[in-house]
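S.K.:
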Amino acid sequence: MFKFKSLYKKFLADTHTPVSIYLKLRDKFPNSLLLESSDYHSSDHSFSYICCEPIAGIKLENDILYQHFPNGAIKHETIKKDQLVVDKVQMFSSMFSSEDLGFNFVTHGLFGYLNFDAIQYFEDISLTSKISPEKSTPDLMYHVFKYVLVVDHFKNELYVIQHTLDEAEFDGISGIVDIISNKNFASYSFNSDDKLVSNFTDIEFLNVVEKGIDHCKRGDVFQLVLSREFKKTFRGDEFNVYRTLRAINPSPYLFFFDYGNFKIFGSSPESQIIIKGDAAGIYPIAGTYKRTGDDDNDTLLAEQLKNDPKEKAEHIMLVDLARNDLSRNADQVKVETFSEIQFYSHVIHMVSKVTG
């Protein structure tokens, strides 16, 4: 068991943004993570996080589970498909505790990701196609971080939190503050080639879509999400792509994770699941119309969306799926809100709330 001592300092954040803080810290603290919200008008989405200096971690790659700890200890074991990976992660997480600072936002814990291919460790599913080595990334990777910076957009406040096993290290916050107080930070260019390569031609992908429609009509599946890969070579800083993405598609959930030899980033209007205490919530988003930029037209489109048979059917399906998923691990599952209209930067969505 590793019990951390925790210390924090609070500052005015009116001249700082999550992006500017991250840009100032990333060269000093490689492998930092950024979790950002652009939905500042909602108290539920008013916090952004920057995590620096991983001091412990757990990783699942090629059926081997790796764990490393603050005291330098390293552990690895081969994982079989019938083993419960979630129990391994929970056991790892339980080895760390931190002081309760009394805030209504996250101050410590595991930060990281779980990829789509990890489904094979949670369901009775075997993947038939293998990812080529040059594109392979760990199926699961979470870290405990020494520093967690929290931006409260509602109050324009910045919290710098430090977790340490040695109270003598409590001078770290001052160094963080000095870095982010500096008005200058390094910037790097980004250039990509014009050639775009995909794993499908347009005709090949349309054929896959037709096959998917046939499977839906036969009742083999309720819904398929078909996608294709696009890639091009580039030189420079991937964070510039993230900045462009967040400008084009501002969302409540944005992230940029730097793992050195690979980076992952994205933007989403919805979370997979939100757990607070003993309560879990899923917010199905389905049913989508494009916004026009005119408020009156968007209001009319919202009414059309609520009455669109296809969009309503898709939404009901995802609400039922959320109820089923929560019922596997929760009691008193209920639909608290159903098919509410929500306006986003580029689209109009129908959103429900299912809790358990």
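With the first letter of the sequence shown counted as 1, position 245 gets the number 1281 in the working numbering; the numbers rise by one all the way through. Every residue gets a Cβ at the ideal spot worked out from N, C-alpha and C, and that includes glycine.
1. Hey, K1267 and V1213: beta-carbon distance below 8 Å or not?
2. Assuming K1036 and V1383 form a contact by the criterion Cβ under 8 Å, report the distance between their Cβ atoms to the nearest whole angstrom.
3. By alpha-carbon positions, which one of V1122, E1372, I1197, F1221 ends up nearest to D1142?
4. Is the separation between the beta-carbon of L1101 and that of H1112 shorter than 8 Å?
5. Kindly give me the distance between the Cβ atoms of P1066 and G1296, rounded to whole angstroms, as I take these residues to be in contact under 8 Å.
6. Answer yes or no: do Y1178 and V1121 have a C-beta to C-beta separation smaller than 8 Å?
7. Tell me the DSSP bridge mates of I1311?
8. Would D1175 be called buried (16 or more neighbouring beta carbons within 10 Å of its own) or exposed?
9. Cutting at 7 Å between CB atoms, please list the residues of its own chain near S1162, excluding the five before and the five after it.
10. Are Y1058 and V1186 touching if we call contact CB-CB under 8 Å?
11. Please report the Cβ distance between M1353 and F1291, rounded to the nearest whole angstrom; I am assuming they are in contact, meaning their Cβ atoms lie under 8 Å.
12. My parser needs the alpha helix (DSSP H) runs of 4 or more residues fully inside the segment 1190-1219; what are they?
13. Report yes or no: do three or more beta-carbon pairs, one from the segment 1220-1231 and one from the segment 1262-1280, lie closer than 8 Å?
14. Which term fits E1089, buried or exposed, when burial requires 16 or more other beta carbons within 10 angstroms of its beta carbon?
15. In the structure shown, what three-state DSSP assignment does Y1380 receive?
16. Please work out which residues of its chain come closer than 8 Å, Cβ to Cβ, to L1137, disregarding the five sequence neighbours upstream and downstream, and give them in chain order.
17. Which value, in whole angstroms, describes the spacing of the CA atoms of F1301 and F1181?
18. Is there at least one non-hydrogen atom of the ligand MG closer than 7 Å to the beta-carbon of D1214?
19. Note down the Cα distance separating F1241 from G1248, rounded to an integer number of angstroms.
20. Count the other CB atoms within 10 Å of the CB of S1056; is the residue buried (16 or more) or exposed (fewer)?
21. Determine, using beta-carbon pairs with one atom in the segment 1371-1389 and one in the segment 1316-1332, whether at least three such pairs fall under 8 Å.
22. Report the CB separation of R1279 from S1074 in whole angstroms; it is logged as a contact under 8 Å.
23. For the beta strand (DSSP E) holding D1294, just list the boundary residues, first then last.
24. Is V1355 helix, strand or coil when you go by DSSP?
25. What whole-angstrom Cβ distance do I1094 and Q1103 have, given they're in contact under 8 Å?
26. Output the distance between the C-alpha atoms of S1287 and H1385, rounded to the nearest integer angstrom.
27. Whole-angstrom Cβ separation of F1040 and F1128, contact assumed at under 8 Å?
M.R.: Short version:
1. no
2. No answer is possible for residue 1036: the residues shown for the chain start at 1037 and end at 1392.
3. One point to set straight first is that residue 1142 is Val, not Asp, in the sequence displayed. When only C-alpha atoms are compared, the closest one is I1197.
4. yes
5. 7 Å
6. no
7. A1316
8. buried
9. Q1156
10. no
11. Incorrect: roughly 27 Å between the Cβ atoms, too far for contact.
12. 1208-1217
13. yes
14. buried
15. coil
16. S1042, Y1044, T1143, I1197
17. 19 Å
18. Looking at this structure, you won't find the ligand MG or any other ligand, since it has none at all.
19. 11 Å
20. exposed
21. yes
22. That pair is no contact at about 12 Å.
23. 1289-1294
24. helix
25. 5 Å
26. 13 Å
27. About 15 Å separates the two Cβ atoms, so there is no contact after all.
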